[in-house]
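Undergrad: After the structure tokens below, expect a handful of questions from me.
There are 2 protein chains.
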Amino acid sequence: MSPRKSVAEARRTRERIVDRAISLASVDGLEGLTIGRLATDLGMSKAGILGHFGTKEALQLAALEGASAIFSRVVWEGAQHERPGLLRLRAVCEAWFSYLEAEREVFPGGCLFTTAAVEFDARHGVLRDAVARLVRLWRRRLTGEVRTAVAAGELPAGTEPEQIAYEIVGVYLALNQEIQLLGAPDVAAVRTRRALDRLLANP
Amino acid sequence: MSPRKSVAEARRTRERIVDRAISLASVDGLEGLTIGRLATDLGMSKAGILGHFGTKEALQLAALEGASAIFSRVVWEGAQHERPGLLRLRAVCEAWFSYLEAEREVFPGGCLFTTAAVEFDARHGVLRDAVARLVRLWRRRLTGEVRTAVAAGELPAGTEPEQIAYEIVGVYLALNQEIQLLGAPDVAAVRTRRALDRLLANP
DNA sequence: CCTACCGATCGGTAGG
DNA sequence: CCTACCGATCGGTAGG
Chain A
67 MSPRKSVAEA RRTRERIVDR AISLASVDGL EGLTIGRLAT DLGMSKAGIL GHFGTKEALQ
127 LAALEGASAI FSRVVWEGAQ HERPGLLRLR AVCEAWFSYL EAEREVFPGG CLFTTAAVEF
187 DARHGVLRDA VARLVRLWRR RLTGEVRTAV AAGELPAGTE PEQIAYEIVG VYLALNQEIQ
247 LLGAPDVAAV RTRRALDRLL ANP
Chain B
67 MSPRKSVAEA RRTRERIVDR AISLASVDGL EGLTIGRLAT DLGMSKAGIL GHFGTKEALQ
127 LAALEGASAI FSRVVWEGAQ HERPGLLRLR AVCEAWFSYL EAEREVFPGG CLFTTAAVEF
187 DARHGVLRDA VARLVRLWRR RLTGEVRTAV AAGELPAGTE PEQIAYEIVG VYLALNQEIQ
247 LLGAPDVAAV RTRRALDRLL ANP
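Chains A and B, in that order, are what the protein sequence lines are.
Residue numbers for the first sequence, in the numbering used here: 67 to 269.
Residue numbers for the second sequence, in the numbering used here: 67 to 269.
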């Protein structure tokens, strides 16, 4: 009935699977994701899904990388038009905020990274390693932007970039909790901006 | 062979089950917890486990409440000998720090709350409600301690207790990530103390 | 990409 | 608290 699709069609199907997997995993976690549920949602067979990835673990990795690409595009690349340093850092934080609050159609269950980071933080394996690598990468990027701001004299000379990046991440973890678990996006918005303003106040 | 235990024995068995459930759930989450695994670990039958709780959901709730009791005892009650206000708040933060870093035998997979808060933040049901209630309770306690410190003049007059409590939670979420996922407890210790010092600096 | 399977495990129940 | 089950679902495979 539906065999022998072209390479382009197969790639599109793969993308559909990954998108749906991201969506499901944002709610139930990457471990809670099941091939059967995915198959039902997409009107495919389980074997049809699995054929694109081989194993569930490979599917989970693909979902994680897909989510990473979206995060990077929305939060990071969306701020690259700004001048490096404090301006870009603030743009990144604003984009991150919108991402957490507004990307509900892509991640109905909230940021897949935050979910995955906690889900795999006590296990071993390629998924934990992949999540840790992405968290480190993101932290390094934030640190670099703070460093640029310090070098440009936009932040006090004694400022430690790693420390600020660490605290920014903390603010966003609290924001995620406030939005997702406590359902208070408006309160979270005010508190997040206030925390960042204090953290990034000009000298 | 082992029927008709006394009430006291049954309660002890129940406690053993809950302790083990907390331990397993700290690694695999409350959804990843399975009755079969629990039974194997404890040398019991699945029916023997389930008899104490009725359903898996009730078992999950019991594990969550058990973890809550431990958290409260270690972090909150452990600081009640300090004078209310900034001193007690600092003692709470220190106890929280030790709890996250040292309670590895109770929570081999890290703080069960942090895990559960993310795990259920996109779902509905009694578990989500229970987690949200506990997070709110904990936040209220922190807020109250900050308020006392402000009233005593130990923190600047304009300080907003809810804001400080929100940021403290963020610092600890970052700490949990640094310890569990990135495996850097020493770095985390320095950054956490620095963040708290700035947050709770005397006027 | 499908149908038709596989063994394993899931939560839960009956009955003692 | 046990044995002995139940139907459902899990990830995955064979073969086309």
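All C-beta atoms, glycine included, are put in the ideal place defined by N, C-alpha and C.
#1: Taking Cβ-Cβ distances shorter than 9 Å, what residues in chain B pair up with L127(A)?
#2: So if I threshold CB-CB distances at 7 Å, which residues from the stretch 238-269 of chain B count as touching chain A?
#3: Residues in the stretch 167-184 of chain A with C-beta within 8 Å of chain B's C-beta atoms, listed in sequence order?
#4: By Cβ distance below 8 Å, which residues in the same chain neighbour R86(A) in space, the five residues on each side in sequence not counted?
#5: Since I245(A) contacts E167(A) with CB under 8 Å, what's their CB separation in whole angstroms?
#6: Go through its chain and collect everything with a Cβ distance to R80(A)'s Cβ below 6 Å, but skip five positions before and after it.
#7: Round the Cβ separation of L155(B) and E211(B) to the nearest angstrom and send it over; I've been treating them as touching at under 8 Å.
#8: Which whole-angstrom value is the C-beta distance of L247(A) and A254(B), which I expect to be below 8 Å?
#9: Which whole runs of the alpha helix (DSSP H) in the stretch 109-181 of chain A are 4 residues long or more, in chain order?
#10: Grouping DSSP H, G and I as helix and E and B as strand, with all else coil, what is D274(A)?
#11: Which of the three DSSP states is assigned to L90(B) in this structure?
#12: Please decide whether G236(B) counts as near chain A, where near means a Cβ-Cβ distance under 7 Å.
#13: What residues in its chain sit with their C-beta under 8 Å from that of L203(B), if we drop five residues either side in the sequence?
#14: Thinking C-beta only, is G151(A) closer than 7 Å to A218(A)?
#15: Going by C-alpha to C-alpha distance, which of R264(A), L266(A) and A250(A) sits closest to D187(B)?
#16: Using CA atoms only, rank isn't needed, just tell me which of D263(B), S92(B) and A261(B) is closest to G169(B).
#17: If you draw a straight line from the alpha carbon of S134(A) to that of D263(A), how long is it in whole angstroms?
#18: Between which residues of its own chain and T214(A) is the CB-CB distance below 6 Å, once the five residues before and five after are set aside?
#19: Could you work out which residue in T121(B), L208(B), Q243(B) and L241(B) is closest to E226(B) when comparing CA atoms only?
#20: I believe V237(B) touches A261(B) by the beta-carbon criterion, under 8 Å. Please report the beta-carbon distance rounded to the nearest angstrom.
#21: Could you have a look at L203(A) and say whether DSSP puts it in helix, strand or coil?
#22: Give the straight-line distance between the Cα atoms of E228(B) and G114(B), rounded to the nearest whole angstrom.
#23: Which residues in chain A sit within 8 Å of F85(B), going by Cβ to Cβ distance?
#24: Keeping to the same chain, check which residues put their C-beta closer than 8 Å to that of V201(A); ignore five residues upstream and five downstream.
#25: Please return the same chain residues whose Cβ sits closer than 7 Å to the Cβ of I230(A), not counting the five positions on each side in sequence.
#26: Determine the burial state of E97(B): buried for a count of at least 16 other Cβ atoms within 10 Å of its Cβ, exposed for fewer.
#27: Going by the CB atoms, is the gap between A157(B) and E143(B) shorter than 7 Å?
#28: In chain A, what lies closer than 7 Å to Q229(B) by C-beta?
TA: Let me spell this out:
#1: Residue numbering aside, residue 127(A) sits at position 61 when the first sequence is read from its first letter. Against chain B, a Cβ distance below 9 Å from L127(A) picks out nothing, because the smallest value is about 17 Å.
#2: From the stretch 238-269 of chain B, only L239, A240, Q243, Q246, L247, L248, R257, R260 and A261 have a Cβ closer than 7 Å to chain A.
#3: Listed in chain order, the positions of the stretch 167-184 of chain A with a beta carbon within less than 8 Å of a beta carbon of chain B are P174, G175, G176, T180, T181, A183 and V184.
#4: Translated into positions along the first sequence, residue 86(A) becomes position 20. Apart from the 5 residues on each side of it in sequence, R86(A) sits with its Cβ closer than 8 Å to the Cβ of L104, D107 and L108 in its chain, given in chain order.
#5: Working through the first sequence from its first residue, we reach residue 245(A) at position 179. Working through the first sequence from its first residue, we reach residue 167(A) at position 101. Their Cβ separation, rounded to whole angstroms, is 6 Å, which keeps I245(A) and E167(A) in contact under 8 Å.
#6: Position 14 of the first sequence, counted from the first residue, corresponds to residue 80(A). For R80(A), where only same-chain residues beyond five positions count, the Cβ hits under 6 Å are H118.
#7: By one-based count along the second sequence, residue 155(B) stands at place 89. By one-based count along the second sequence, residue 211(B) stands at place 145. That pair is a contact at about 4 Å.
#8: Indexing the first sequence from 1 puts residue 247(A) at position 181. Indexing the second sequence from 1 puts residue 254(B) at position 188. That pair is no contact at about 23 Å.
#9: Assignment of alpha helix (DSSP H) within the stretch 109-181 of chain A, counting only whole runs of 4 or more residues, yields 112-116, 122-137 and 152-168 in chain order.
#10: Here chain A covers residues 67 to 269 and nothing more, so residue 274(A) does not appear.
#11: Counting from one through the second sequence, the residue named residue 90(B) turns up at place 24. L90(B): helix per DSSP, three-state reduction.
#12: Position 170 of the second sequence, counting from 1, holds the residue named residue 236(B). For G236(B), the nearest beta carbon of chain A is closer than 7 Å to its own beta carbon.
#13: Start at 1 with the first residue of the second sequence, and residue 203(B) comes out as number 137. Answer for L203(B): no residue qualifies.
#14: As a position in the first sequence, residue 218(A) is number 152, starting the count at 1. As a position in the first sequence, residue 151(A) is number 85, starting the count at 1. Yes, the pair counts as a contact, with Cβ atoms nearer than the cut-off.
#15: Counted from its first residue, the second sequence places residue 187(B) at position 121. Comparing Cα positions, the closest option is A250(A).
#16: Taking the first residue of the second sequence as 1, we reach residue 169(B) at position 103. In the sequence as displayed, the identity of residue 169(B) is Glu instead of Gly. Out of D263(B), S92(B) and A261(B), the CA that lies nearest to the CA of E169(B) is found in S92(B).
#17: In the first sequence, counting from the first residue as 1, residue 134(A) sits at position 68. In the first sequence, counting from the first residue as 1, residue 263(A) sits at position 197. Cα to Cα, S134(A) sits roughly 27 Å from D263(A).
#18: Along the first sequence, one-based indexing puts residue 214(A) at 148. Excluding positions up to five away in sequence, the list reads P150 and G151.
#19: Taking the second sequence and counting its residues from 1, the one referred to as residue 226(B) is at position 160. Nearest neighbour of E226(B) by Cα position, chosen from T121(B), L208(B), Q243(B) and L241(B), turns out to be L208(B).
#20: For this step, residue 237(B) is matched to residue 171 along the second sequence. For this step, residue 261(B) is matched to residue 195 along the second sequence. V237(B) to A261(B), Cβ: 5 Å. Contact.
#21: Looking up residue 203(A) in the first sequence gives position 137. If DSSP states are grouped into helix, strand and coil, L203(A) belongs with the helices.
#22: Taking the first residue of the second sequence as 1, we reach residue 228(B) at position 162. Taking the first residue of the second sequence as 1, we reach residue 114(B) at position 48. Using only the alpha carbons, I get a separation of about 45 Å.
#23: For the purposes of this step, residue 85(B) is taken as residue 19 along the second sequence, with counting starting at 1. Reading the sequence as shown, one finds Asp at residue 85(B) and not Phe. Per Cβ cutoff of 8 Å: no residues; D85(B) is ~17 Å from chain A at best.
#24: As a first step, residue 201(A) must be located in the first sequence, where it is residue number 135. Sequence-distant Cβ neighbours of V201(A) in its own chain, meaning closer than 8 Å and more than five residues away, are F179 and A183.
#25: As a working note, residue 230(A) is residue 164 in the first sequence. For I230(A), where only same-chain residues beyond five positions count, the Cβ hits under 7 Å are V212 and L265.
#26: Position 31 of the second sequence, counted from the first residue, corresponds to residue 97(B). Around the beta carbon of E97(B), a 10 Å sphere encloses 16 or more other beta carbons of the protein chains shown; the residue is thus reported as buried.
#27: Counting from 1 along the second sequence, the entry for residue 143(B) is found at position 77. Counting from 1 along the second sequence, the entry for residue 157(B) is found at position 91. Cβ distance not < 7 Å, so E143(B) and A157(B) don't count as in contact.
#28: Here residue 229(B) refers to the residue found at position 163 when the second sequence is read from its first residue. Per Cβ cutoff of 7 Å: R257 and R260.
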